[in-house]
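Worksheet for the structure shown next.
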Amino acid sequence: MYRIGMEEIEALKRVVESRDLFKINSGLRETYHCEQEMREKFGCDYAVLMTSGAAALTAGLVGMGIGPGDEVIVPAYTYIASAMAVLAAGAIPVIAEIDETLTLDPEDAGKKISRYTKAIMPVHIQGFPCDMERLGAVAARHGIQILEDASQADGGSYRGRRLGAVGDAGALSFNQFKIITAGEGGALLTSSRQLFERAFIYHDSSAVAFFGGQLDDISEPQFCGNEYRTNELAAAVLREQLKKLDGILADLRRNKKALMTALADDFNFIPSNDIEGDCGTTAAFAFGSESEARRFAVADGVKGTLPIDTGKHVYTHWTPVLEKRGALHPLADPFKMEANKNLNHRYAADMCPKTLDILSRTVYIGVNPDWTPADIDKVAAACRAALR
Ligand SMILES: Cc1ncc(COP(=O)(O)O)c(C=O)c1O
Numbered sequence: 361m362y363r364i365g366m367e368e369i370e371a372l373k374r375v376v377e378s379r380d381l382f383k384i385n386s387g388l389r390e391t392y393h394c395e396q397e398m399r400e401k402f403g404c405d406y407a408v409l410m411t412s413g414a415a416a417l418t419a420g421l422v423g424m425g426i427g428p429g430d431e432v433i434v435p436a437y438t439y440i441a442s443a444m445a446v447l448a449a450g451a452i453p454v455i456a457e458i459d460e461t462l463t464l465d466p467e468d469a470g471k472k473i474s475r476y477t478k479a480i481m482p483v484h485i486q487g488f489p490c491d492m493e494r495l496g497a498v499a500a501r502h503g504i505q506i507l508e509d510a511s512q513a514d515g516g517s518y519r520g521r522r523l524g525a526v527g528d529a530g531a532l533s534f535n536q537f538k539i540i541t542a543g544e545g546g547a548l549l550t551s552s553r554q555l556f557e558r559a560f561i562y563h564d565s566s567a568v569a570f571f572g573g574q575l576d577d578i579s580e581p582q583f584c585g586n587e588y589r590t591n592e593l594a595a596a597v598l599r600e601q602l603k604k605l606d607g608i609l610a611d612l613r614r615n616k617k618a619l620m621t622a623l624a625d626d627f628n629f630i631p632s633n634d635i636e637g638d639c640g641t642t643a644a645f646a647f648g649s650e651s652e653a654r655r656f657a658v659a660d661g662v663k664g665t666l667p668i669d670t671g672k673h674v675y676t677h678w679t680p681v682l683e684k685r686g687a688l689h690p691l692a693d694p695f696k697m698e699a700n701k702n703l704n705h706r707y708a709a710d711m712c713p714k715t716l717d718i719l720s721r722t723v724y725i726g727v728n729p730d731w732t733p734a735d736i737d738k739v740a741a742a743c744r745a746a747l748r
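Offset between the sequence shown (1-based) and our numbering: plus 360.
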């Protein structure tokens, strides 16, 4: 969360005063307007607000018709929720390497595709855009779909298209730690009518059946799903956050660029698949060895973090996945399902050595959109001093 203030307080006040906190109403209709504004900003035909990014990912997979018997490629470096969404849909996550951009390696993703693979999930981690062109080519070659996990990349873009609206569907997260926030929240973006209808039914199956008029001309049959619908308070806050999004991104990008420019002669930075579309939240320094990276990260005033130390973002820490506990009830556990018997769930801590190597040689410095030029000079000076 970067910027929250009076605008959000006013938005909450207006909803509380309306006494209509439920998303289906004939008054303020904050959710309806928020989804419309999101479609316009992100450039897609459908946007559905949900309770979380994980809910949006799961609904996206269900909307793609993915379930038991299917594999989905996920990167070895992403928050565990990406892999858990695949399991929540009943499918098996197949873990692939990242490349030097810290995002899914298109070559390894291609190698991990089997006759069971139904989708690739590129994750725009830390707001770094994935190589959507090469991943798109891999998916097209195999006739499979792309579900973008843009949970850490709200508003970023790839070649001018907003992340989350490049693939067949995409998920955003609005939890407290994201670029824009409502405390918790998520959204599914897509331009496929069928995917949208199915995801919509899944995220709110009882309300679709109970409250008419939510989806006109629905042609998909209703099925049992979950209750992941948003509320008017979250939607009202998000409408204000959406207005701030491009300003936050512009300031993050400007400050990241200024820091990198100031340090260009002294440091290497990770390559980017689209630096213009990068969200700017994180400056990522590339070192030759883990010891160099660690020395730099702890130097006075640097406040660096190695991505290898970010716990559940690294596949080696996805304990329930690696230990194959996909659900509490054995019959609901995708790892134990007959349909998944022959799928690729051969996990091991050393299965993605390239990812572990890259993550342990990288240092992150978090960028602040409100840094002044003097703040940037101070961070740059600390970084330079760390080399001496
Ligand atoms: C890459 C990634 N995917 C998915 C999620 C899940 O988002 P949420 O917490 O909104 O469910 C997160 C959240 O941190 C994330 O970072």
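Cβ coordinates follow ideal geometry from the N, Cα and C atoms, glycine included. Being a predicted model, the structure only gives us computed values, none of them experimental.
### Task
With a threshold of 16 other CB atoms inside 10 Å of the CB of V681, please say whether the residue is buried or exposed.
buried
### Task
Grab the span of the beta strand (DSSP E) containing Y406 for me, first residue to last.
Y406 to M410
### Query
Less than 7 Å separating the beta-carbons of A510 and G496?
no
### Task
Check each candidate in Y562, H563, Q554 and S566 and name the one with the smallest Cα separation from D577.
Q554
#### Entry: Reduced DSSP secondary structure (H/G/I, E/B, other) of P435
strand
### Query
In terms of DSSP beta bridges, what is S517 paired with?
R522
### Message
On the DSSP letters alone, give me the boundaries of the alpha helix (DSSP H) that E493 sits inside.
### Response
M492 to H502
### Query
When DSSP labels each residue in this structure, what does T418 get in the three-state scheme?
helix
### Task
Could you have a look at E544 and say whether DSSP puts it in helix, strand or coil?
coil
#### Entry: Exposure label - Q505; buried when at least 16 CB within 10 Å
buried
### Query
How many whole angstroms separate the CB atoms of V498 and A469, which I take to be in contact at a CB cut-off of 8 Å?
6 Å
### Task
With DSSP as the reference, label K478 as helix, strand or coil.
strand
### Message
Buried or exposed for C743, going by 16 or more other Cβ atoms inside 10 Å?
### Response
buried
### Task
Measure the CB-CB distance between G640 and Y518 and report whether it falls below 7 Å.
no
### Task
Hey, could you find the ends of the alpha helix (DSSP H) F645 is sitting in?
Taken as a continuous stretch (DSSP letters only), F645 belongs to no alpha helix (DSSP H), being part of the beta strand (DSSP E) at T642 to A646.
### Query
Three-state secondary structure (DSSP) at F556?
helix
### Message
With three or more beta-carbon pairs closer than 8 Å as the criterion, would you say the stretch 435-451 touches the stretch 605-620?
### Response
no
### Query
Taking 6 Å as the line, does the beta carbon of N535 fall inside it for any heavy atom of ligand 1?
yes
### Query
Cβ of Y439 within 6 Å of any heavy atom in ligand 1?
yes
### Task
Determine the extent of the beta strand (DSSP E) in which Q505 is found, giving its start and end residues.
Q505 to D509
### Task
Write down the C-beta distance between A595 and C394 rounded to the nearest angstrom, noting that I regard them as a contact closer than 8 Å.
4 Å
### Message
My output table needs one value for A456: the three-state DSSP class, helix, strand or coil.
### Response
strand
### Query
Of the residues H484, A644 and K672, which one's Cα is nearest the Cα of V662?
A644
### Query
For Y724, which of helix, strand or coil comes out of DSSP?
strand
### Query
Taking 6 Å as the cut-off, does the CB of G413 come closer than this to any heavy atom belonging to ligand 3?
Looking for ligand 3 in the displayed structure turns up nothing; the ligands present are ligand 1.
#### Entry: 6 Å CB neighbourhood of D491 in its chain, flanking five on each side removed
P466 and N633
### Task
Given a cut-off of 7 Å, decide if M424 and A500 are closer than it, judged by their beta-carbon atoms.
no
### Task
Return yes when the Cβ of I452 is within less than 7 Å of the Cβ of L703, no when it is not.
yes
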